[in-house]
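Protein chains: 2
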Amino acid sequence: MTTARTPSEQLTIYSGLRDEERARVDALATQKSLQAHAYLIHQHSEANCIYMLEEGVLIMERSSASGRRQVMAFIYPGNFIGIAQNEYYEFSVKALTDARLQEIPAKAFITLQDEMPALKENVRRIGGNILAHTLDQVFALGQKKAHERICFLLQQLQDRKSSNPAGMIDLVMTRQDIADYLGLTIETVSRAFSKLKREGIINIHSAHTVEILRPDEVREMALSD
Amino acid sequence: MTTARTPSEQLTIYSGLRDEERARVDALATQKSLQAHAYLIHQHSEANCIYMLEEGVLIMERSSASGRRQVMAFIYPGNFIGIAQNEYYEFSVKALTDARLQEIPAKAFITLQDEMPALKENVRRIGGNILAHTLDQVFALGQKKAHERICFLLQQLQDRKSSNPAGMIDLVMTRQDIADYLGLTIETVSRAFSKLKREGIINIHSAHTVEILRPDEVREMALSD
DNA sequence: GCGACCCAGTGACACGGATCAATTTTGCGG
DNA sequence: CCGCAAAATTGATCCGTGTCACTGGGTCGC
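If you're matching them up, the sequences are chains A and B in order.
Each residue of the first sequence is one higher than the one before, starting from 1 at the first, in the numbering used here.
Each residue of the second sequence is one higher than the one before, starting from 1001 at the first, in the numbering used here.
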């Protein structure tokens, strides 16, 4: 979803649940941890579990037979995986950093929703947010130029609570990951960053740390409505 | 979703419901009809209803302040609108032809799901299909060349039961609609069609009727995994 | 501390798609 | 059936991004 639609308090499956209800959800969950570069999900595998990320950053990607790769999302703490899934995952999920997450069996989770309307409602809304995010991405890929797509990404990262204050953004992912997320090549990503820096819109402290100097212009270019 | 994932029988909110359950859903619905070019939904309006299309073809689009337009989907009979929506619609929906649809108040529909797990499950799966479709579109826009995107669209239209037999496809939409769906210009769309025709992959009977001559090659180019 | 490797940045050039312009075709109202 | 307007096609040219090649910098292992 775009910035304006993002509520300041993060929506989770627990939102608005009573303590005993939370306990029932927690009872289904098991802790899981993941090392950097390890895979959590392989494309086309059965969608047996849903996941909630607690710490670290993951990347969701799809690769085609012809070897092309599209990054669908970067996943940050508080985000969910597999919540709007049918029989099979249609993407892989890999850790960019060491990560810690909760794993919940999909079947049991779905059953539990039948008894807990509040939980069902949370899931529904999370699903809505995921779709909204994906539609924003469609707009960016279909309509935006390279430097605007970069702003689209920067704005998304900025909007996540995990980002540092004062417009400093930590780019955990590589240029290749960014390129595959935005439908560009690494060279074009690099040049777009340079262009934004030349124009004084951002500052590049290191390849993985950029600072937004003119947030209004970044937001303007990122917008899709 | 891609072809392989499309079940031959169409998933609706009624799938697997008992007669008396269907009746309860139907009790919420009101018939609505729409003339060609009329709007059903305006971007940013409150998401009060969900819709099921019974007849005709609709287009789902988003326009930005800068005047750019992205078509998110073409909607055919049996498809749903607004089922994975949060507070506001983030797109407009317009009729391409005269259309007839069922309108169901969102609030009541959500409440009804609390009492009917089978209904809830249908909605969940429809939501999953919508997301899958949107992820396919992300892949196409991010990774595919013009003529491959055209095949992507042709394959989608082919997969809908409403299309005529034997590879004949009726393009209800204009070249501009196609261009805005695929992130191209009308000229590029036109040239891509010509190229596919030149190569003997399709035949163009009229601007709005194309025939797929080599279905395997079309599918191959349309695939995203 | 040195070399190897990986990642990022940049320049030269190529190419696909956008833009601009002209023409043809289609669809529709009279 | 004719005439007009809108839609689609086609050609010429331009521009943004991709491709290829090279360089620099950071990191890790030895």
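Every residue, glycine too, gets a C-beta built ideally from N, C-alpha and C.
Any beta carbon from chain B within less than 8 Å of residue i's own beta carbon?
| i | result |
| --- | --- |
| A192 of chain A | no |
| P165 of chain A | no |
| S206 of chain A | no |
| G82 of chain A | no |
| L131 of chain A | yes |
| S93 of chain A | The identity of residue 93 of chain A in the sequence shown is Val, whereas the question assumes Ser. Chain B contact via Cβ: absent. |
| G183 of chain A | yes |
| G127 of chain A | yes |
| T3 of chain A | Its pLDDT being 42, under 50, T3 of chain A is placed unreliably in this model, and the coordinates cannot settle the point. |
| T6 of chain A | Bear in mind that the predicted position of T6 of chain A carries a pLDDT of just 47, short of 50, making it unreliable; the figure below should be weighed with that in mind. Not an interface residue. |
| V138 of chain A | yes |
| N86 of chain A | yes |
| P117 of chain A | yes |
| Q10 of chain A | no |
Rank the options by C-alpha distance to the C-alpha of residue i and give the top, closest one.
| i | options | result |
| --- | --- | --- |
| Q1113 of chain B | A:I201, A:E121, A:F109 and A:S64 | A:E121 |
| E1054 of chain B | B:S1063, B:S1033 and B:G1016 | B:S1033 |
| T1030 of chain B | B:L1040, B:L1101, B:G1078 and B:L1171 | B:L1101 |
| L182 of chain A | B:E1187, B:E1046 and B:L1141 | B:L1141 |
| F74 of chain A | A:T12, A:R160 and A:K145 | A:R160 |
| Q10 of chain A | A:T185, A:I126 and A:G56 | A:I126 |
| F91 of chain A | A:P165, A:A108, A:F193 and A:Q43 | A:Q43 |
| R1219 of chain B | B:Q1070, B:F1109 and B:L1157 | B:L1157 |
| G1016 of chain B | B:Q1155, B:A1146, B:G1200 and B:M1116 | B:M1116 |
| L184 of chain A | A:G200, A:Y76, A:K145 and A:G67 | A:K145 |
| P1077 of chain B | B:R1068, B:H1037 and B:M1052 | B:M1052 |
| R1214 of chain B | B:S1066, B:E1187, B:L1154 and B:G1067 | B:L1154 |
Examine chain A for any beta-carbon lying closer than 8 Å to the beta-carbon of residue i, and answer yes or no.
| i | result |
| --- | --- |
| L1141 of chain B | yes |
| K1120 of chain B | yes |
| T1030 of chain B | no |
| D1114 of chain B | yes |
| M1072 of chain B | yes |
| R1175 of chain B | no |
| D1225 of chain B | yes |
| V1172 of chain B | no |
| E1090 of chain B | yes |
| R1068 of chain B | yes |
| S1064 of chain B | yes |
| Q1155 of chain B | no |
| L1135 of chain B | yes |
| Q1043 of chain B | yes |
Residue i bridges to which residues according to DSSP?
| i | result |
| --- | --- |
| P105 of chain A | A:C49 |
| T1209 of chain B | B:D1170 and B:S1206 |
| A73 of chain A | A:M60 |
| Y89 of chain A | None; Y89 of chain A has no bridge partner. |
| A36 of chain A | The partner list for A36 of chain A (beta bridge, DSSP) is empty, contrary to what the question assumes. |
| A95 of chain A | A:L58 |
Residue j and residue i - do their beta-carbons sit closer together than 8 Å?
| i | j | result |
| --- | --- | --- |
| I50 of chain A | I81 of chain A | yes |
| A84 of chain A | N48 of chain A | no |
| A1132 of chain B | Q1035 of chain B | no |
| R1024 of chain B | Y1014 of chain B | no |
| F152 of chain A | A222 of chain A | yes |
| I1041 of chain B | V1093 of chain B | yes |
| S64 of chain A | D1225 of chain B | yes |
| V1138 of chain B | M72 of chain A | yes |
| L1119 of chain B | I1150 of chain B | no |
| I202 of chain A | V210 of chain A | yes |
| N86 of chain A | N1129 of chain B | yes |
| D170 of chain A | H208 of chain A | yes |
| V172 of chain A | T111 of chain A | no |
| T134 of chain A | L1135 of chain B | yes |
| G1167 of chain B | I1212 of chain B | yes |
| F1109 of chain B | L1028 of chain B | yes |
| Q1070 of chain B | Q143 of chain A | yes |
Let me confirm a value: residue i is counted as buried when at least 16 other C-beta atoms fall within 10 Å, else exposed. Which label applies?
| i | result |
| --- | --- |
| S206 of chain A | exposed |
| R1018 of chain B | exposed |
| R1198 of chain B | exposed |
| D26 of chain A | exposed |
| E1046 of chain B | exposed |
| Y1088 of chain B | exposed |
| Y39 of chain A | exposed |
| E20 of chain A | exposed |
| A1192 of chain B | buried |
| G56 of chain A | buried |
| H1147 of chain B | buried |
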